[in-house]
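Numbering (the working numbering), first residue to last: 17 to 126.
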């Protein structure tokens, strides 16, 4: 699989609002599949399919704990895919982001 195909899979996964909401829900840490499903008004099998797409795109990871499956956000993978795209489309914004929003950076005049 080429890098472009790999990234295309990530963007296809991000195209669905339910999957984007799942990623947002995982920002605070791991969640069990049942806890994720409880947050939506769609069936558990539908959520399972969405999680499968996200996992296939490398945007979430899963681990088993007993009979539960816990999902976590693959932050690095998401950042790399979107970062590459942004670097190609608007490279000056990437430079600006690194200089302005760097953790612990002081704003000018501080």
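Using N, Cα and C, we set each Cβ at its ideal position, and we do this for glycine too.
Quick caveat: nothing in here was measured; it's all calculated off a predicted structure.
Item                                                                                                                                                            : Value
Touch check for the segment 38-55 and the segment 97-107: three-plus C-beta pairs under 8 Å?                                                                    : no
Assign residue 106 to buried or exposed, taking buried as 16 or more other Cβ atoms, counted over all protein chains shown, within 10 Å of its Cβ.              : exposed
Using C-beta distances below 8 Å, list every residue in its chain close to residue 67, excluding the 5 sequence neighbours before and after it, in chain order. : 38, 49, 52, 76, 78 and 87
Run through DSSP, which three-state label would residue 75 get?                                                                                                 : coil
Exposed or buried, what is residue 58 when buried is set at 16 or more other beta-carbons lying within 10 Å of its beta-carbon?                                 : exposed
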